[in-house]
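The structure appears below as structure tokens.
Protein chains: 2
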Amino acid sequence: MLDIFYYPNGVAVLGATAKPRGGFFLFRNTIEGYKGKVYPINPGYDEILGVTCYPDIASIPENFDLLLYFIPAKHLPETIHECAKKGVKGIIIESAGFSEVGAEGKALQDESVRIARDYGIRLWGPNCMGLLDGHSRHVFSFMYQDDWKELMKPGGVSLIVQSGMLSAGFLMAVLERGGMGLSKVASIGNKCDVDETELLEYYVQDSNTTVIAAYLESIKDGRRFLEIARNTSKPIIVLKAGRSAQGAKAAMSHTASLSGSSEIYKGAFRQAGIVQVYDIHELMDIARGFSKTPRCTPNGGTAILTFSGGAGIVTTDLLNDFNLTLAELSPKTLAEIKEVFPEWMDPSHPVDLWPAAEKNGVAKVYTHSIEAVMKDPSVDSVIVETLASPRTGLDYLKTIAGLKHKYEKPVALWMLGIGGKGVQDEARKIAEDNGLPEFTEISRCVSFIRGVRAHFAKKKALGLISHHLHP
Amino acid sequence: MLDIFYYPNGVAVLGATAKPRGGFFLFRNTIEGYKGKVYPINPGYDEILGVTCYPDIASIPENFDLLLYFIPAKHLPETIHECAKKGVKGIIIESAGFSEVGAEGKALQDESVRIARDYGIRLWGPNCMGLLDGHSRHVFSFMYQDDWKELMKPGGVSLIVQSGMLSAGFLMAVLERGGMGLSKVASIGNKCDVDETELLEYYVQDSNTTVIAAYLESIKDGRRFLEIARNTSKPIIVLKAGRSAQGAKAAMSHTASLSGSSEIYKGAFRQAGIVQVYDIHELMDIARGFSKTPRCTPNGGTAILTFSGGAGIVTTDLLNDFNLTLAELSPKTLAEIKEVFPEWMDPSHPVDLWPAAEKNGVAKVYTHSIEAVMKDPSVDSVIVETLASPRTGLDYLKTIAGLKHKYEKPVALWMLGIGGKGVQDEARKIAEDNGLPEFTEISRCVSFIRGVRAHFAKKKALGLISHHLHP
Numbered sequence: 185m186l187d188i189f190y191y192p193n194g195v196a197v198l199g200a201t202a203k204p205r206g207g208f209f210l211f212r213n214t215i216e217g218y219k220g221k222v223y224p225i226n227p228g229y230d231e232i233l234g235v236t237c238y239p240d241i242a243s244i245p246e247n248f249d250l251l252l253y254f255i256p257a258k259h260l261p262e263t264i265h266e267c268a269k270k271g272v273k274g275i276i277i278e279s280a281g282f283s284e285v286g287a288e289g290k291a292l293q294d295e296s297v298r299i300a301r302d303y304g305i306r307l308w309g310p311n312c313m314g315l316l317d318g319h320s321r322h323v324f325s326f327m328y329q330d331d332w333k334e335l336m337k338p339g340g341v342s343l344i345v346q347s348g349m350l351s352a353g354f355l356m357a358v359l360e361r362g363g364m365g366l367s368k369v370a371s372i373g374n375k376c377d378v379d380e381t382e383l384l385e386y387y388v389q390d391s392n393t394t395v396i397a398a399y400l401e402s403i404k405d406g407r408r409f410l411e412i413a414r415n416t417s418k419p420i421i422v423l424k425a426g427r428s429a430q431g432a433k434a435a436m437s438h439t440a441s442l443s444g445s446s447e448i449y450k451g452a453f454r455q456a457g458i459v460q461v462y463d464i465h466e467l468m469d470i471a472r473g474f475s476k477t478p479r480c481t482p483n484g485g486t487a488i489l490t491f492s493g494g495a496g497i498v499t500t501d502l503l504n505d506f507n508l509t510l511a512e513l514s515p516k517t518l519a520e521i522k523e524v525f526p527e528w529m530d531p532s533h534p535v536d537l538w539p540a541a542e543k544n545g546v547a548k549v550y551t552h553s554i555e556a557v558m559k560d561p562s563v564d565s566v567i568v569e570t571l572a573s574p575r576t577g578l579d580y581l582k583t584i585a586g587l588k589h590k591y592e593k594p595v596a597l598w599m600l601g602i603g604g605k606g607v608q609d610e611a612r613k614i615a616e617d618n619g620l621p622e623f624t625e626i627s628r629c630v631s632f633i634r635g636v637r638a639h640f641a642k643k644k645a646l647g648l649i650s651h652h653l654h655p
Numbered sequence: 185m186l187d188i189f190y191y192p193n194g195v196a197v198l199g200a201t202a203k204p205r206g207g208f209f210l211f212r213n214t215i216e217g218y219k220g221k222v223y224p225i226n227p228g229y230d231e232i233l234g235v236t237c238y239p240d241i242a243s244i245p246e247n248f249d250l251l252l253y254f255i256p257a258k259h260l261p262e263t264i265h266e267c268a269k270k271g272v273k274g275i276i277i278e279s280a281g282f283s284e285v286g287a288e289g290k291a292l293q294d295e296s297v298r299i300a301r302d303y304g305i306r307l308w309g310p311n312c313m314g315l316l317d318g319h320s321r322h323v324f325s326f327m328y329q330d331d332w333k334e335l336m337k338p339g340g341v342s343l344i345v346q347s348g349m350l351s352a353g354f355l356m357a358v359l360e361r362g363g364m365g366l367s368k369v370a371s372i373g374n375k376c377d378v379d380e381t382e383l384l385e386y387y388v389q390d391s392n393t394t395v396i397a398a399y400l401e402s403i404k405d406g407r408r409f410l411e412i413a414r415n416t417s418k419p420i421i422v423l424k425a426g427r428s429a430q431g432a433k434a435a436m437s438h439t440a441s442l443s444g445s446s447e448i449y450k451g452a453f454r455q456a457g458i459v460q461v462y463d464i465h466e467l468m469d470i471a472r473g474f475s476k477t478p479r480c481t482p483n484g485g486t487a488i489l490t491f492s493g494g495a496g497i498v499t500t501d502l503l504n505d506f507n508l509t510l511a512e513l514s515p516k517t518l519a520e521i522k523e524v525f526p527e528w529m530d531p532s533h534p535v536d537l538w539p540a541a542e543k544n545g546v547a548k549v550y551t552h553s554i555e556a557v558m559k560d561p562s563v564d565s566v567i568v569e570t571l572a573s574p575r576t577g578l579d580y581l582k583t584i585a586g587l588k589h590k591y592e593k594p595v596a597l598w599m600l601g602i603g604g605k606g607v608q609d610e611a612r613k614i615a616e617d618n619g620l621p622e623f624t625e626i627s628r629c630v631s632f633i634r635g636v637r638a639h640f641a642k643k644k645a646l647g648l649i650s651h652h653l654h655p
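Listed in order, the protein sequences are those of chains L and Y. 185 is the number of the first residue of the first sequence in the numbering used here; add one for each residue after it. 185 is the number of the first residue of the second sequence in the numbering used here; add one for each residue after it.
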């Protein structure tokens, strides 16, 4: 149903311009990735970037599916009438000036919805940044950054974002960090017609999408949203803003959203197997982690392997704070790890690998010890803490990634980069490219493991995952 | 008292070597910054890096204050006897193999303490990374990284770290991030003699130290530690590891530390005005923030200025989670902000500045609005959220820093870097160099503001701060 937005047959850009502002970026982004017909509309130009420009919708010689709306709000009703004559099926309204600015804007928005509904035209937005698709590379958004072209990689993460700047600014920040492939991104703004629930359903059915992450200020049809979430095996991570009374008030003025009670959401999310998060980078961190974690059988505890006894203790405390269990490593596992340890030291858990690494090298000690804990049936997940340093080499991170895939046990990686500015970025890239999610904070590693275990336990209990571990 | 460790008159390095391992780095670091006499000791060399090498302690022609010990543990008792003949006042034992490896090591350590005490020689460590001083540039540590020379800036933050790898690896990671000047760093390991309480007292009296941060697995003399903390106006931030039963067990095997009950620590820390933190980057983030925040009069609420309505709502929710108050901006303040807003939009709180910034430019809108909230007596702290982008320029961050200093109200900065890989680093550097602490997570901005308000409120209640705001 939402295919007409993501894969339209012909796109017109109302408000395209050659001046370096929103209407230009919207048009340029559109022609960059979309290979069908594109019609810029602006009476002031004959062409923009070499593409024939039309003075109005009526002048476009063919019918087309999608209109991108980027002119002042007040023209929307008449535009919908014009669109109807051209067989338009959907309009993405990226302009602001609707329900978020008060009663008058609200009336304008409501009127537009009525008119569109009569014609069977779907509306997206208003007050939003549009959409993009990492696989088709369709980008129908006015975000001005140009480097999405190099940075955007196709992948499994699809996003629903009910906030303009967050969707664009944040998306660019996420792309620049790297490590996460994208399927579909939707900035839904005031969501006068297309909303989070319809998108959730669409993403659940989308074969490119493996993980769904959403920033939401309100959920219109909570019952349906939760039902869809409950019935899919895909992980869904939600940052629900407006949890506090004052936050809800701010959400009201931001996208005219009525937030529900925080406690009700919390319980309902858990029931539906939704992973709830509370901060902005956290949303992306957890989504990125899930995108690299297709399997988990939560039937044991978490192993901690570290370069620092201190970091291991902090991690153990945080496991406890998050109601997770430190795995009970078997004597066999400890004996196997002992093989790479110095004579004077016996491994305990959390496993401080540094004295061993000094003797036998980081690569050998880490990969040997990680394989030992992966084989231990009491371990269902692993937190690996290491130094990113040119001295130790970085290739062993690939071996760790391989072990993670072989044993199908989630890994969260925490690193301190030392020995030069670029080394942490380089190590992170090697890790992420090979399927190891890396997190800046130890607490994020722990909350990721908690989210993964909760998701797979819930989906297994609901009979949505039949996966069995093959050791 | 601890001056003999930080400012010794003559230093010998037992276990110095020309091979690229610990004993070499320890020696090289020592001669790099320390301008007094240095005596490498190793029977295998006549000189190391051009400095005359001695076969043993007895051969050193003069008396000296400090010995850096970096040979196997078992030689420590005889070494102390040798040291006594040379007038040595302190020994920093950086080797491992003492109480942390079991009963035998514990006996060796205890015996060494007894012998040293008889001679009046102070012991530091063992099982530690030694110390450094950002002002004198004395670095008596075997950390192998060479780039501390460029990265280490003098400043107000002093650290106590009860963990070897954390102190070295972590310190390097902190130095590479930048933004924090250092006074004294102490890695105390098994703390057989010099301990966290004595160091705390020393730092409290140290005129270069304005902020004290500690990673501790145990506190030997809790009563005295808390008394010192309570009676200083300097902020003290503590990451107490081993809070959980399993974490405490791990701490026992790591530095042979007996941890106390988590709940007792929590209450006692609060009573003493200690800011408690729970993660490793958090310890440094909060210390860095305090080092740029000499003043705060917690008599109002927190203002939020943002480029994204969504981020503002998330921040408001997190304020609520952390028991902070969103400031009630006065009509006068809102009217003043309105001056830079577009006609169709009235500012509300949190203040979403983006529509205004699009109209009047980021620099003007941010600085004007921040000054307006700073002048509002209901505001005692400000969270500023902005884009780090070459398009908006970055110099306005300096103006924001100036406003912060002028009005003496703490600021926490959160940025999304877009428009190229280096821009976030560049913006961060400008902000930090001018006294604006920047944090990667919104939740960290909020926990920083909470820590600052709690610290200043407590110290004012205890009569340790007489500061009044001069508007």
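All residues carry an ideal CB built from backbone N, CA and C; glycine is no exception. What you are looking at is a predicted structure, and each value in this text was computed from that prediction instead of being measured.
| Check | Outcome |
| --- | --- |
| Would you mind sorting Q293 (chain L) into buried or exposed? The rule is 16 or more other CB atoms within 10 Å of its CB. | buried |
| If you compare alpha carbons, which of L:P515, L:V549, L:K516, L:T509 is closest to F525 (chain L)? | L:V549 |
| How is the alpha helix (DSSP H) around W261 (chain L) delimited, first residue to last? | Before going on, a small fix: residue 261 (chain L) reads as Pro here, not Trp. P261 (chain L) -> alpha helix (DSSP H) spans 260 to 269. |
| Inspect the beta-carbon positions of I670 (chain Y) and L578 (chain Y) and report whether they are closer than 7 Å. | Here chain Y has residues from 185 to 655 only, and residue 670 (chain Y) is not among them. |
| At a CB distance below 8 Å, what residues from the segment 622 to 646 of chain Y approach chain L? Give them in sequence order. | T624, E625, I626, S627 |
| Taking Cβ positions, are D405 (chain Y) and R306 (chain Y) nearer each other than 7 Å? | no |
| Taking one C-beta from the segment 489 to 496 of chain Y and one from the segment 474 to 481 of chain Y each time, how about it: are there three or more such pairs within less than 8 Å? | no |
| Going by the CB atoms, is the gap between L316 (chain Y) and L251 (chain Y) shorter than 7 Å? | no |
| Is it the case that the Cβ atoms of F248 (chain Y) and G314 (chain Y) are separated by a distance below 7 Å? | no |
| For the segment 315 to 339 of chain L, enumerate the residues whose C-beta is nearer than 8 Å to any C-beta of chain Y, in chain order. | Y328, Q329, D331 |
| Give the straight-line distance between the Cα atoms of P655 (chain L) and Y253 (chain L), rounded to the nearest whole angstrom. | Caution is warranted here: a pLDDT of 38 is assigned to P655 (chain L), below 50, making its placement in the model unreliable, and the coordinate value is therefore given only provisionally. Cα to Cα, the separation comes out at about 54 Å. |
| Should P310 (chain Y) go down as buried or exposed, given a rule of 16 or more other Cβ atoms within 10 Å for buried? | buried |
| CA-CA distance, G304 (chain Y) and K273 (chain Y)? | 7 Å |
| Taking Q430 (chain Y) as the query, report the chain L residues whose CB atoms sit under 7 Å from its CB, ordered along the chain. | T500, N504, L510 |
| Would D463 (chain Y) count as contacting chain L if we go by Cβ distances under 7 Å? | yes |
| Please confirm if the segment 499 to 511 of chain L is in contact with the segment 614 to 632 of chain L, defined as three or more CB-CB distances below 8 Å between the two stretches. | yes |
| Since K605 (chain L) meets chain Y, which of its residues come closer than 8 Å, beta carbon to beta carbon? | E360 |
| Would you mind stating whether A511 (chain Y) and A487 (chain Y) have Cβ atoms separated by less than 7 Å? | yes |
| Using a cut-off of 7 Å between C-beta atoms, extract the partners of R427 (chain Y) located in chain L. | D501 |
| Report buried or exposed for I398 (chain Y), applying the criterion of at least 16 other Cβ atoms within 10 angstroms of its Cβ. | For the record, residue 398 (chain Y) in the displayed sequence is Ala; it is not Ile. That one is buried. |
| Listed in chain order, which residues of the segment 272 to 296 of chain Y have Cβ atoms closer than 8 Å to some Cβ of chain L? | A280, G281, V285 |
| Take G606 (chain L) as the anchor and find which of L:S532, L:S565, L:P574, L:V563 has the nearest alpha-carbon. | L:P574 |
| How would you list, in chain order, the residues of chain L whose beta-carbon sits under 8 Å from the beta-carbon of W528 (chain Y)? | G281, V285 |
| Are I497 (chain Y) and A435 (chain L) touching if we call contact CB-CB under 7 Å? | yes |
| Does the distance between the C-beta of V568 (chain L) and the nearest non-hydrogen atom of the ligand PLP fall short of 6 Å? | Ligands are entirely absent from the displayed structure, and the ligand PLP is therefore not among its contents. |
| How do the segment 455 to 471 of chain Y and the segment 420 to 429 of chain Y stand: do at least 3 beta-carbon pairs fall below 8 Å, yes or no? | yes |
| Based on the DSSP secondary-structure assignment, which residues constitute the bridge partners of M599 (chain L)? | L:T570 |
| Distance check for S562 (chain Y) and V341 (chain Y), CA to CA, integer angstroms please. | 30 Å |
| Run through chain Y and tell me which residues come within less than 7 Å of P534 (chain L), C-beta to C-beta. | A434 |
| Report the start-end ranges of each alpha helix (DSSP H) in the segment 480 to 535 of chain Y that is 4 residues or longer and not cut off at the edges. | 493 to 505, 515 to 522 |
| Between P204 (chain Y) and chain L, is any beta-carbon pair separated by less than 7 Å? | no |
| Look at the alpha carbon of Q455 (chain L) and the alpha carbon of R414 (chain L), and state the distance between them as a whole number of angstroms. | 8 Å |
| Can you give the beta carbon distance from P338 (chain Y) to G365 (chain Y), rounded, assuming they're within the 8 Å contact cut? | 5 Å |
| Looking at chain Y, is there any beta carbon in it that lies within less than 7 Å of the beta carbon of M356 (chain L)? | yes |
| Assign M185 (chain Y) to one of two classes, buried (16 or more other C-beta atoms within 10 Å of its C-beta) or exposed (fewer than that). | exposed |
| Taking DSSP's pairing of strands, which residues face Q346 (chain L) in a bridge? | According to DSSP, Q346 (chain L) bridges with nothing at all. |
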